[in-house]
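Working notes, beginning with the structure itself.
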Amino acid sequence: WMCGPALKGSTVGLVGFGRVGQEVARKVKAFNVAKILYTDSGKKPKNEVATELGAQRVELEELLKTADFVIAICSLNPKTQGMFSAQRFSLMKPTAIFINTGRGGLVDHDALYAALKNNKLWAAGLDVMTPEPLPTNHPLLELPNCVLLPHIGSATYQSRMTMCELTAKNIIAVLEDRTMPAEYI
Numbered sequence: 001w002m003c004g005p006a007l008k009g010s011t012v013g014l015v016g017f018g019r020v021g022q023e024v025a026r027k028v029k030a031f032n033v034a035k036i037l038y039t040d041s042g043k044k045p046k047n048e049v050a051t052e053l054g055a056q057r058v059e060l061e062e063l064l065k066t067a068d069f070v071i072a073i074c075s076l077n078p079k080t081q082g083m084f085s086a087q088r089f090s091l092m093k094p095t096a097i098f099i100n101t102g103r104g105g106l107v108d109h110d111a112l113y114a115a116l117k118n119n120k121l122w123a124a125g126l127d128v129m130t131p132e133p134l135p136t137n138h139p140l141l142e143l144p145n146c147v148l149l150p151h152i153g154s155a156t157y158q159s160r161m162t163m164c165e166l167t168a169k170n171i172i173a174v175l176e177d178r179t180m181p182a183e184y185i
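Its first residue numbered 1, the sequence shown is counted upward by one per residue in the UniProt record's numbering.
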């Protein structure tokens with residue numbers, strides 16, 4: 001019984017290279033991947049971090065054509081809404097695995113279904129969907145090569161305690177007329 005491709009020796013493409021994308025790069029690097037590619041619309045240059053992680057910035061189309069694993073971890077905005085479309089899935093390798101932990105609105109779920117059903121993609125893993133949860137009759141739920149999680153990426157005791165502590169620190173900072181330590185978790 002073969003489960004699919006391994007991270008070791010693969011090319012991982014990160015769509016989004018903010019704080020979370022950089023942390024994902026650190027994690028996958030430990031699996032001895034051959035390459036880490038990223039695309040990012042951020043205004044802050046990330047050359048130092050990219051060099052530290054051995055990551056290379058490329059255009060989205062190159063990332064999609066090259067990566068064995070495509071991980072969507074960018075924010076949702078008018079520019080990224082539906083960015084993972086039939087046209088973009090068609091650029092990916094038929095052996096590629098698509099993972100979305102960013103926002104459900106990044107993905108055209110009907111296009112993803114078609115790509116998976118027609119063996120244009122090897123598999124997909126989604127922690128976020130639109131709507132959330134997907135309707136019980138959504139065709140993605142029928143596919144053996146699609147894993148759906150109910151947006152539980154942060155559902156650990158440690159993550160939730162960190163969220164509570166940060167919320168408390170932010171409230172105190174606002175009440176004391178100081179800048180909040182962090183606006184995102």
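Note that beta-carbon positions come from the ideal geometry of N, C-alpha and C, so glycine has one too.
- Bounds of the alpha helix (DSSP H) holding C164 are 157–175.
- By alpha-carbon distance to T136, the top candidate from Q22, P150, N77 is P150.
- In summary, L175 is exposed, with fewer than 16 beta-carbon neighbours lying within 10 Å of its beta-carbon over all protein chains present.
- Cβ neighbours of S85 within its own chain (closer than 7 Å, five residues either side excluded): D108, A111.
- When the Cα atoms are used, T51 and L63 turn out to be separated by approximately 18 Å.
- Shown here, L37 sits in a strand according to DSSP, grouped into three states.
- Straight through space, the alpha carbons of G105 and K79 are spaced by roughly 11 Å.
- A contact is defined here as three or more CB-CB pairs under 8 Å, and the region 87–103 meets this definition with respect to the region 112–124.
- Ranked by Cα distance from K35, the first of M83, L121, G42, V58 is V58.
- With 16 or more other Cβ atoms inside 10 Å of its own Cβ, F69 counts as buried.
- The residue among A173, S90, R19, A182 with its C-alpha nearest the C-alpha of L53 is R19.
- Between the alpha carbons of Y157 and K27 lies a gap of roughly 20 Å.
- Scanning its chain for C-beta atoms nearer than 8 Å, with the 5 sequence neighbours on each side dropped, one finds around T179 the residues A173, in chain order.
- Bounds of the alpha helix (DSSP H) holding V24 are 19–29.
- In the DSSP assignment, no residue is bridged to G42.
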